[in-house]
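Protein chains in written order, with our numbering: chain A, -4 to 124; chain B, -4 to 124.
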DNA sequence: ATAATAACGATAATAGTTACTATAATTATA
DNA sequence: TATAATTATAGTAACTATTATCGTTATTAT
C-alpha cells in the first residue's frame, strides 16, 4: 500500500551488491557503504537489504554456520560454501529444472523451487595448509 | 581431549530426535524433553544438540527464514520447507551422488558434499486456503 | 568409598536483527 | 518554486537465538 521512494543509500547498497563478486553479509555491506555514507545506520542497511530481497532484486543466502549472505545476481544459480573459511562462491553448474518434479513424487504439496549449496574446501584454504 | 560422559538428558534428547518424524527446532526439543526433565536448561538442550551434530548423530537444517531445525535421521536425504508455515518435511528423492563432480567443473577447490532444500506450499497450507 | 571430571541448571552475556522515533529527504501538489 | 504529504534515515532501544560462565550435581575411574 505504501509507495516506494528513492533513496541514495538504497541505490548505493544495490550498486555494491551488483559490483561485488563475493557475497557480502549485512555487516560487510555496512562497512562498504560507509565509504560513501560514513554515518549510514546499520538498520538502514538491513532494511534495504530485506527490501531488495522482497523486490526480487537480491537473494538471501543462508549458510549452516549461521552466516547470512546477500547476492545481487538474481538469475538462478548454485553456490559453494567453504567449510574452513565460510566464504560463499558462485558455481557454474546450470540449474536443474526438472528436479522439482522428481522431488514431488509421493509428496502431498506443491514444489515450486529449490536451492542447493555445495560444501568442501576452497582454493585459498587448500593452499594455506 | 575431554572424554564423553553419559547423561540422561542427552539420551532423552537423542531419543526425541529419533522418534519424531518432524524436524524440531531447539525450542521444540526443549519443550518436548521438559515432559521428562521438567527443569532441564535450554542451554543443556543447545549444548547437546550441537554435540550430537558434531558426533554425526544428528543433522542441522538451516532454513532461509532463519529457523534452525534438527534431524535425527543422518542418512543423506533432502528436505522441503513450506513457504507459508515454515515446516520442514522429508522428501523421498534419493541423493544425487554424481552432482558434486558436475558442480566441480571449472571450480578451483574440492567439493565434498551438498545440501538441497525444496520450497513451495505444504499439504496442510494448501487445504487451509 | 573416594576422587576426578564431565554435565547440569541457572543466569549472564553476546551476536544478529528488528522496532521505534524524531528528523531529513523525496515526491506530489498548488 | 514553495508548500504539503509521506517515506526513508540515523540513532538507539529492544528483541531473539544462541553461547559462555560458574557453582553444584551426576557419572566414571580408582
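Cβ atoms here follow ideal geometry from the backbone N, Cα and C, with glycine treated the same way.
Item: If the cut is a Cβ gap below 9 Å, which residues of chain A does residue 107 of chain B touch?; Value: 78, 113, 114, 115 and 116
Item: Is the CB of residue 92 of chain B under 8 Å away from at least one CB in chain A?; Value: no
Item: Could you tell me which chain B residues have their CB closer than 9 Å to the CB of residue 51 of chain A, listed as they occur along the chain?; Value: Under the 9 Å cutoff, chain B gives no residues; its nearest Cβ is about 14 Å from residue 51 of chain A.
Item: Is residue 123 of chain B buried or exposed, if buried means 16 or more other CB atoms sit within 10 Å of its CB?; Value: exposed
Item: For residue 102 of chain A, would you say it is in contact with chain B, using Cβ-to-Cβ distances shorter than 8 Å as the test?; Value: yes
Item: Quick check on residue 66 of chain A: buried or exposed, where buried means 16 or more other Cβ atoms within 10 Å of its Cβ?; Value: buried
Item: Determine the chain A residues that contact residue 65 of chain B at a beta-carbon separation under 7 Å, and present them in chain order.; Value: Result: empty, since nearest Cβ-Cβ is about 12 Å, beyond 7 Å.
Item: Give me the Cα-Cα distance between residue 32 of chain A and residue 10 of chain A, rounded to the nearest whole angstrom.; Value: 13 Å
Item: Given a cut-off of 8 Å, decide if residue 56 of chain A and residue 83 of chain A are closer than it, judged by their beta-carbon atoms.; Value: yes
Item: Suppose you measure from the CA of residue 7 of chain B to the CA of residue 51 of chain B; what does that come to, to the nearest Å?; Value: 17 Å
Item: At 7 Å on the CB atoms, spell out the chain B contacts of residue 55 of chain A, in chain order.; Value: 59
Item: Whole angstroms is fine: what's the gap from residue 85 of chain A's alpha carbon to residue 35 of chain B's?; Value: 43 Å
Item: To the nearest angstrom, report how far apart residue 60 of chain A and residue 76 of chain A are at their CA atoms.; Value: 10 Å
Item: Grab the span of the alpha helix (DSSP H) containing residue 89 of chain B for me, first residue to last.; Value: It is not in any alpha helix (DSSP H) - residue 89 of chain B carries neither H nor E in the DSSP assignment.
Item: Would residue 43 of chain B be called buried (16 or more neighbouring beta carbons within 10 Å of its own) or exposed?; Value: buried
Item: Per DSSP, residue 55 of chain A forms a beta bridge with which residues?; Value: A/65
Item: Is the beta carbon of residue 115 of chain A sitting closer than 8 Å to the one on residue 117 of chain B?; Value: no
Item: From the DSSP output, in three-state form, read off residue 83 of chain A for me.; Value: strand
Item: Using C-beta distances below 8 Å, list every residue in its chain close to residue 58 of chain B, excluding the 5 sequence neighbours before and after it, in chain order.; Value: 64, 76, 81, 83 and 112
Item: Roughly how many whole angstroms lie between the Cα atoms of residue 107 of chain A and residue 41 of chain B?; Value: 33 Å
Item: Closer than 8 Å, Cβ to Cβ, to anything on chain A: give me those residues from the stretch 9 to 35 of chain B, in chain order.; Value: none
Item: What would DSSP say about residue 1 of chain B, mapped onto helix, strand or coil?; Value: coil
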